[in-house]
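Enquirer: For the working numbering, add 467 to where a residue sits in the sequence shown, where the first one is 1.
The beta carbon of each residue, even a glycine, is placed where N, CA and C say it ideally should be.
The structure's right below; bear with me while I get my questions together.
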Amino acid sequence: MGKTLVIAEKPSVGQDLARVLPGPFQKHTGSSGERTARWLEGPEHIITWAVGHLVQLAEPDEYDDKFKKWRMADLPIVPAKFKLIVRDERSQKQMSVVKKLLNSAEVDLVVNACDAGREGELIFRYLYEHAKAKKPTKRLWLSSMTNQAMKDALANLRDGEEMEQLADAARSRSEADWIVGMNATRAATIRLRSSFDGAVSLGRVQTPTLAIIARREEEIRAFVPEKYWLVDAKFATDDGRRYEGRFHEGAKPRIPDADTAKAIVDAVRDGRGTITKLEKTKRTEKAPLLYDLTSLQRDANTRFGFSARRTLGAAQRCYEEHKVLTYPRTSSRYLTSDMIGELKEIAEKVGSGAEYTTAARYVMGLDVLPLGRIVNDEKVGDHHAIIPTNSPHNVAKLDGDDLKIYDMVVRRYLAAFHPEAEFENTRIETTVAERVFRTRGKVLIVPGWRRVYGEMPEGERSAEQEDEGRDQTLPKLVKGEEAGVTHVESLEKETKPPRRYTDASLLGAMETAGKLVDDEEAREAMKESGIGTPATRAAIIERLIDVGYVERDARSLVATEKGLNVIRLLGDHQLTSPSLTGDWEHRLERIESGEETRKAFMADIAKFAGATVGELDTKLKDVKIPRADLGPCPVCGQHIIENRKGFSCWSREDPGCGFVIWKGKAGKQLPAAVARELIATGRTARPVTGFKGRSGRSFRAKLALMQNEEGRWRVEFDEPWAKEGAKPPETDEAEVQANAEAAANAAAAARPADDAAA
């Protein structure tokens, strides 16, 4: 009897599987003198790994040499059959080993042990096809990396044929991204060569995501602030009980002009008011649903400022290395009914940590677990929600990001079994000289699930909610009693532009295809039509940053001039539509469930690519982005005009004096506004964001125009560390490490979901 070849996605997973399969296993390298293990061999099994995508779709010039030149006449490019190539030289070494083992006479069965999901299936299918393998296959499906979970999964391998629909969805996603990205990118780049330096990268998922960010930036730039006023008063009863109130006219606290606000202040100053309304209502608050990857990334960004990629990296380590959390790349926030028997056992495992003991004991002491909002077989696809594993948890080995993410998941899990929290809301109206002042109070009377968290911060409030006034802890007050005005003042305010997207809010927008939805249950219903998948959204955000369309400014995601211009030029083209991309994602889900055919989906993608090429050809022909005129040169007085690579006073007609500010600096393209400020004042008043150090970490810095000994003008960093000849500061080593590890994970686990051509 021959051996079984097990192909994992990463070496670490292969080594974990070797622990539970019959051994001993010997390490083998690809060639003499090489130290890196390429496969492990035991008495019954051979284990090797893919190291991410070893094989990928070939570039257009692999089909025909004519595609080496980018010409509109050759578009659209839609291969009748897609070619596969090994990704790079590093991948070639491992692929040679995998191919040799797949075709070995010693092997009679192959087990796909890549990550249990769409991308894991694609990784295996591509390398299996490229190796021209013919051996029968089985599928290992893991949601947890504990020894017991691996043993159970190995004892219940699925037939490879069961995964055909998943494979169809995976291939369709990959090929659709290639067709749309390759054709749209080439068409836009060809037509915009005179305006852009380099390729104009477009894609099925990245472009609608960019459109969400860019359109918000346009709203912010177009926003014209308006002044308004609020009037606040402090009250005291005759026996000294104190509270505050804010003037409201009807339901509106905002006063349009200063004179009206002053009149209100004058009318109530030193006056006496009567409590004309006092209402108390009780409100219950359900425990939040369990985490899927997107909700975990959103919460971690809000609480800790983690990027989506950083959170994914930590969650992946908690799954693979520490074995304390289940598979993180999931879109479900529910558990399956066959897990009910181990839910209390999991609570007992996490209860070994002192900070979770009380909450865990409560769960373990329940006669009947409340499962209505936790268990739902119909809402679990490839994987259930992210929860702690049913194994001993050595929390002492966790630190930094990993500990924070673990803590979030554990508390969310325990909270899910706790009762609703109950609040008492109080609303008071105090009338003074016919002016009404509203007061709000909120008291937590039954902690319920909030006890698991202790003090838990509230979510962000909108500008309108902030205008209503803060919640107060109120003394006992009675309707009809009087209170004197001890202080009153008007506050001048200004309307604020919409907030820029953060990772948290952008992930939320991607999940609902750009629609504004805050309710958890409503969001659940829209998941299938979101942009991208939980496993790929972090990579999409990073892709937009890498191609220079978006920059990080602290927690905010800001569209660059390049990103804004791309969306301006595309206008209302369907490629920018989050809802269209969301519909495509829904169709991929239907292919996976067998409700739609791959053939029909790919035919529509090919039609869309053809129509897009034609529309971009017409829309962008002879388009030139207006070049900014930054005014007179500080040296020769000629006008400084923007060009593709910089801002200078020279042109084809007149060479000028040679003064130039180059756009490219430390991984950032300087916008015209920064160059204009440098020319006018010699330095920037505020730090400029979006520079990148050698580690890849973003940083901000002030800039200054400086003249060297040869008389040439240069833009330099105007910071103490730069003047001392030091490197940019790395203020958060954890972020640097997290980004490096997350990038490695992304490379090993999956290509970005939106393979736009470069």
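Who are His495's beta bridge partners in DSSP?
Expert: The sequence position of residue 495 within the sequence shown is 28, counting from 1. His495 is bridged to Trp506.
Enquirer: Hey, how far is the Cα of Val1232 from the Cα of Glu1028?
Expert: Absent from the structure is residue 1232, since the part of the chain shown begins at 468 and ends at 1225.
Enquirer: In three-state DSSP terms, what is Thr704?
Expert: For the purposes of this step, residue 704 is taken as residue 237 along the sequence shown, with counting starting at 1. Coil, per DSSP.
Enquirer: Can Gly772 and Arg966 be called in contact, C-beta distance under 8 Å?
Expert: As a working mapping, residue 772 is identified with position 305 in the sequence shown. As a working mapping, residue 966 is identified with position 499 in the sequence shown. Cβ atoms of Gly772 and Arg966: not closer than 8 Å.
Enquirer: Give me whichever residues DSSP pairs with Tyr1016 in a beta bridge.
Expert: Here the question's residue 1016 lines up with position 549 in the sequence shown. DSSP, once it has assigned bridges, lists no residue as partnering Tyr1016.
Enquirer: Contact check, Thr1156 vs Asp1071 under 8 Å by CB: the rounded distance?
Expert: What you label residue 1156 is simply residue 689 of the sequence shown in a count that begins at 1. What you label residue 1071 is simply residue 604 of the sequence shown in a count that begins at 1. No, Thr1156 and Asp1071 are not in contact; Cβ-Cβ is about 40 Å, not under 8 Å.
Enquirer: Taking Pro491 as the reference, which of His512, Ser498 and Val473 has the closest Cα?
Expert: In the sequence shown, the residue the question calls residue 491 occupies position 24. Among His512, Ser498 and Val473, the Cα nearest to that of Pro491 is on His512.
Enquirer: Please state whether DSSP places Gln523 in a helix, a strand or coil.
Expert: Within the sequence shown, the letter at position 56 stands for residue 523. The answer is strand: DSSP assigns Gln523 an E or B state.
Enquirer: Label Phe591 either buried or exposed according to how many other C-beta atoms from any shown protein chain fall within 10 Å of its C-beta, with 16 as the threshold for buried.
Expert: Along the sequence shown, one-based indexing puts residue 591 at 124. Classification for Phe591: buried.
Enquirer: Using DSSP with H/G/I as helix, E/B as strand and the rest coil, what is Phe549?
Expert: Position 82 of the sequence shown, counted from the first residue, corresponds to residue 549. Here Phe549 sits in coil by DSSP.
Enquirer: Using DSSP bridges, identify the partner residues of Tyr695.
Expert: The residue labelled residue 695 in the question sits at position 228 within the sequence shown. Lys960.
Enquirer: If you compare alpha carbons, which of Ala580, Ala636, Tyr1016 and Ala600 is closest to Ser610?
Expert: Position 143 of the sequence shown, counting from 1, holds the residue named residue 610. Residue Ala580 is the option with its Cα nearest to Ser610.
Enquirer: Keeping to the same chain, check which residues put their C-beta closer than 6 Å to that of Lys701; ignore five residues upstream and five downstream.
Expert: Translated into the one-based positions of the sequence shown, residue 701 becomes position 234. Here the set comprises Glu711, Thr953 and His954.
Enquirer: Buried or exposed: Phe690, going by 16 or more other Cβ atoms within 10 Å of its Cβ?
Expert: Here residue 690 refers to the residue found at position 223 when the sequence shown is read from its first residue. With fewer than 16 Cβ atoms within 10 Å of its Cβ, Phe690 is classed as exposed.
Enquirer: Quick one: give me the first and last residue of the alpha helix (DSSP H) that Arg585 is part of.
Expert: For the purposes of this step, residue 585 is identified with residue 118 of the sequence shown, where counting begins at 1. That run of the alpha helix (DSSP H) goes Arg585 to His597.
Enquirer: Short of 6 Å in beta carbon distance, which residues of its chain neighbour Val847, apart from the five on each side in sequence? Order them along the chain.
Expert: Indexing the sequence shown from 1 puts residue 847 at position 380. Answer for Val847: Ser799, Tyr801 and Thr803, listed in chain order.
Enquirer: Check Gln1204 in the structure and name its three-state DSSP category.
Expert: Indexing the sequence shown from 1 puts residue 1204 at position 737. Reliability of the predicted coordinates at Gln1204 is poor, the pLDDT of 42 falling under 50, and no value is obtained from them.
Enquirer: So, with DSSP's three-state summary, where would you put Trp916?
Expert: The sequence position of residue 916 within the sequence shown is 449, counting from 1. Looking at Trp916 - three-state DSSP - the assignment turns out to be helix.
Enquirer: Quickly, what does DSSP pair Gln1174 with across the bridge? List them, please.
Expert: Sequence index remark: in the sequence shown, residue 1174 carries index 707 (1-based). In DSSP, Gln1174 forms a bridge with Trp1180.
Enquirer: Assess, as a yes-or-no matter, whether the stretch 497–510 is touched by the stretch 531–546 under the definition of 3 or more beta carbon pairs within less than 8 Å.
Expert: Verdict: no, contact absent.
Enquirer: Which residues in the same chain as Val487 place their Cβ atom closer than 6 Å to its Cβ, once the five residues preceding and following it in sequence are excluded?
Expert: Reading the sequence shown from its first residue, position 20 is the one you call residue 487. So the list reads Asn614, Met617 and Lys618, once near-sequence residues are dropped.
Enquirer: When DSSP builds the beta bridges, which residues end up paired with Ala1290?
Expert: Any property of residue 1290 remains undetermined from this structure, which presents the chain solely from 468 to 1225.
Enquirer: Would you tell me roughly how many angstroms separate the C-alpha atoms of Asp1185 and Asn1175, rounded to the nearest one?
Expert: Indexing the sequence shown from 1 puts residue 1185 at position 718. Indexing the sequence shown from 1 puts residue 1175 at position 708. Spanning the two alpha carbons is a distance of roughly 15 Å.
Enquirer: For Arg765, tell me which candidate among Met977, Pro510, Phe1126 and Tyr593 has the shortest Cα-Cα distance.
Expert: Indexing the sequence shown from 1 puts residue 765 at position 298. For the residues Met977, Pro510, Phe1126 and Tyr593, the minimum Cα distance to Arg765 belongs to Met977.
Enquirer: Got a sec? Which residues, its chain only, sit under 6 Å from Asp970 by beta carbon, not counting five neighbours each side?
Expert: For this step, residue 970 is matched to residue 503 along the sequence shown. Cβ neighbours of Asp970 beyond the five flanking positions: Asn768, Ser774 and Ala775.
Enquirer: So, are the CB atoms of Glu529 and Lys560 less than 8 Å apart?
Expert: Residue 529 sits at position 62 when you count from the first residue of the sequence shown. Residue 560 sits at position 93 when you count from the first residue of the sequence shown. Result no, Cβ atoms of Glu529 and Lys560 do not sit closer than 8 Å.
Enquirer: Identify whether His789 lies in helix, strand or coil by the three-state DSSP scheme.
Expert: Working through the sequence shown from its first residue, we reach residue 789 at position 322. Here His789 sits in coil by DSSP.
Enquirer: Among Gly469, Arg660 and Arg505, whose alpha-carbon lies nearest the alpha-carbon of Lys1088?
Expert: The count along the sequence shown starts at 1 and reaches residue 1088 at position 621. Selected option, being the one with the closest Cα: Arg660.
Enquirer: Buried or exposed: which applies to Pro1079, given that a residue is buried once 16 or more other Cβ atoms fall within 10 Å of its Cβ?
Expert: Stepping through the sequence shown from its first residue, residue 1079 is reached at position 612. Rather than Pro, the amino acid found at residue 1079 in this sequence is Thr. It counts as buried.
Enquirer: Verify the contact flag: Lys811, CB atom, against every heavy atom of the ligand ZN, threshold strictly below 7 Å.
Expert: Ligands displayed in this structure: none; no statement on the ligand ZN is therefore possible.
Enquirer: Using CA coordinates, which residue listed in Val842, Leu810 and Arg840 is at the minimum distance from Gly832?
Expert: For this step, residue 832 is matched to residue 365 along the sequence shown. Comparing Cα positions, the closest option is Leu810.
Enquirer: Would you be able to state if there are at least three C-beta pairs under 8 Å between the stretch 706–723 and the stretch 855–869?
Expert: These segments do not touch.
Enquirer: Helix, strand or coil: which one does DSSP assign to Ile657?
Expert: The count along the sequence shown starts at 1 and reaches residue 657 at position 190. Ile657 falls in the helix class under three-state DSSP.
Enquirer: Strictly by DSSP, which residues pair up with Trp1129?
Expert: What you label residue 1129 is simply residue 662 of the sequence shown in a count that begins at 1. Gly1113, per the DSSP bridge assignment.
Enquirer: If you run the structure through DSSP and keep just helix, strand and coil, what is Asn1032?
Expert: As a first step, residue 1032 is located in the sequence shown; it is residue number 565 there, counting from the start. In the structure shown, Asn1032 sits in a helix (DSSP, three-state: H, G or I).
Enquirer: Candidates Ser972, Leu836 and Ala598: which alpha carbon is nearest Leu763's?
Expert: Within the sequence shown, numbered from 1, the residue matching residue 763 stands at position 296. For Leu763, the nearest C-alpha among the options comes from Ser972.
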